[in-house]
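To keep things clear, I will list the structure first and then write my remarks on it.
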């Protein structure tokens with residue numbers, strides 16, 4: 248009964264590497280990038296927001312900083328900061344949980360991604376070749392509150408497995424899952440009675456009476472436009488000096504005009520851009536730093552060392568979940584390499600044995616949530 252089909256082209260990227268590239272690009276243009284610092288309050292003068300109270304999460308030190316404009320771009324936690332400005336403000340967000348399963352590559356019959364536009368309950372499902380794995384998702388489930396470590400429910404996992412089984416080379420089982428991860432979308436609060444899966448993915452910009460600029464909603468695809476429009480709103484509302492936006496044609500940190508992705512599996516180092524040269528130097532200094540740390544992960548000691556030395560990594564979790572995607576590619580393998588990862592970081596940051604063990608234990612507890620129950 249098949250009448251036809253549609254093929255279209257899309258793009259994929261490594262969000263961890265992209266976030267780092269943006270942070271380092273900002274730093275190269277004069278920004279002070281503060282890692283592991285939490286905003287615990289806003290500083291006001293005459294009812295206007297003029298800065299923020301911040302806490303260093305490693306040392307516990309609290310300090311204040313002043314600014315011409317304070318922009319709240321905290322994703323699913325935006326309402327938390329809005330309430331520090333106005334405790335009575337109405338919620339602007341309704342977080343929705345998305346869940347993905349990672350399966351071995353041989354579950355996907357072919358090199359193309361598959362989009363299922365209409366599942367049993369109306370949600371869209373994707374099956375995507377990614378980093379030598381098969382990525383399947385996503386769900387769209389309303390949640391009551393934002394969490395730092397959202398977890399997939401049994402219902403989420405079961406729905407994805409049942410639906411994907413119709414399109415994969417064979418039926419996937421829970422024991423086939425390499426990793427399961429969940430994230431929260433900062434969806435703008437929909438009108439009463441509208442389900443989250445039908446809520447707008449567009450962004451919204453708000454300037455409070457006290458001058459706090461908040462951007463909510465949106466997605467990676469439009470991140471640059473979101474930033475551009477947010478700064479325009481801040482300039483107009485707060486009477487700041489008008490400046491020309493330069494980001495439309497600005498190469499990001501690490502941009503390599505000679506990089507290209509050949510057919511088949513891409514080299515994971517392509518996403519390091521020109522920093523590949525630094526990885527090479529680390530490996531030339533010690534050939535053991537070029538050896539894979541695990542048969543099931545595209546991870547080398549040189550990447551761990553580089554993350555601690557140059558990319559502000561401060562924990563095993565930073566390296567295995569935020570500087571590389573080891574945890575999302577294979578949670579069991581990531582748990583197995585955690586002790587060696589800690590040893591390499593300890594040498595760079597001067598950790599004691601107790602600090603290294605604590606970082607491994609912390610990562611192990613988090614990583615358990617990436618394994619199917």
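Numbering (the working numbering), first residue to last: 248 to 620. Ideal Cβ positions, reconstructed from N, Cα and C, are used throughout, including at glycine.
Nearest to residue i (by Cα), restricted to the options the options
| i | options | result |
| --- | --- | --- |
| residue 323 | 535, 385, 486 and 344 | 344 |
| residue 276 | 493, 573, 582 and 502 | 493 |
| residue 454 | 483, 429 and 424 | 483 |
| residue 433 | 465, 354 and 488 | 465 |
| residue 295 | 279, 269 and 331 | 331 |
| residue 460 | 537, 478 and 449 | 478 |
| residue 496 | 423, 475, 382 and 486 | 475 |
| residue 271 | 562, 565, 603 and 557 | 557 |
| residue 341 | 550, 463 and 418 | 463 |
| residue 555 | 596, 489 and 380 | 596 |
| residue 263 | 573, 308 and 449 | 573 |
| residue 575 | 301, 256 and 382 | 382 |
| residue 431 | 586, 583 and 321 | 321 |
Rounded straight-line distance, which links the Cα of residue j to that of residue i
| i | j | result |
| --- | --- | --- |
| residue 588 | residue 282 | 20 Å |
| residue 527 | residue 591 | 17 Å |
| residue 535 | residue 560 | 21 Å |
| residue 293 | residue 457 | 9 Å |
| residue 317 | residue 611 | 36 Å |
| residue 258 | residue 375 | 11 Å |
| residue 253 | residue 362 | 10 Å |
| residue 521 | residue 248 | 51 Å |
| residue 265 | residue 251 | 37 Å |
| residue 614 | residue 608 | 10 Å |
| residue 510 | residue 358 | Annotation note: pLDDT 44 at residue 510 (below 50); position unreliable, no value reported. |
| residue 539 | residue 545 | 7 Å |
| residue 570 | residue 580 | 16 Å |
| residue 286 | residue 367 | 42 Å |
| residue 370 | residue 410 | 11 Å |
| residue 372 | residue 501 | 33 Å |
| residue 467 | residue 333 | 28 Å |
| residue 594 | residue 387 | 42 Å |
| residue 486 | residue 563 | 44 Å |
| residue 420 | residue 577 | 16 Å |
| residue 325 | residue 315 | 20 Å |
| residue 280 | residue 269 | 11 Å |
| residue 327 | residue 288 | 10 Å |
| residue 274 | residue 499 | 11 Å |
Buried versus exposed, by CB contacts within 10 Å (16 or more), residue i
| i | result |
| --- | --- |
| residue 505 | exposed |
| residue 553 | buried |
| residue 352 | exposed |
| residue 306 | exposed |
| residue 395 | exposed |
| residue 617 | buried |
| residue 354 | buried |
| residue 260 | exposed |
| residue 600 | exposed |
| residue 524 | exposed |
| residue 349 | buried |
Within-7 Å CB hit, residue i to chain B
| i | result |
| --- | --- |
| residue 290 | Looking for chain B here will not work: only one protein chain is present. |
Endpoints, alpha helix (DSSP H) assigned at residue i
| i | result |
| --- | --- |
| residue 405 | 401-411 |
| residue 575 | 573-576 |
| residue 606 | 600-614 |
| residue 531 | 523-532 |
| residue 382 | Unbroken run through residue 382 is the beta strand (DSSP E), 380-384; no alpha helix (DSSP H). |
| residue 394 | First-last for residue 394: undefined, no H or E at that position. |
Beta-bridge partners of residue i, as assigned by DSSP
| i | result |
| --- | --- |
| residue 354 | In DSSP, residue 354 forms no bridge with anything. |
| residue 362 | 373 |
| residue 286 | 301 |
| residue 292 | 295 |
| residue 318 | 460 |
| residue 427 | 348 |
| residue 560 | Answer by DSSP bridge pairing: none, since residue 560 is not bridged. |
| residue 544 | 541 |
| residue 569 | Per DSSP, none; premise fails for residue 569. |
| residue 280 | In the DSSP output, where bridge partners are listed per residue, residue 280 has none listed. |
Run of the beta strand (DSSP E) containing residue i, from where it starts to where it stops
| i | result |
| --- | --- |
| residue 311 | 309-313 |
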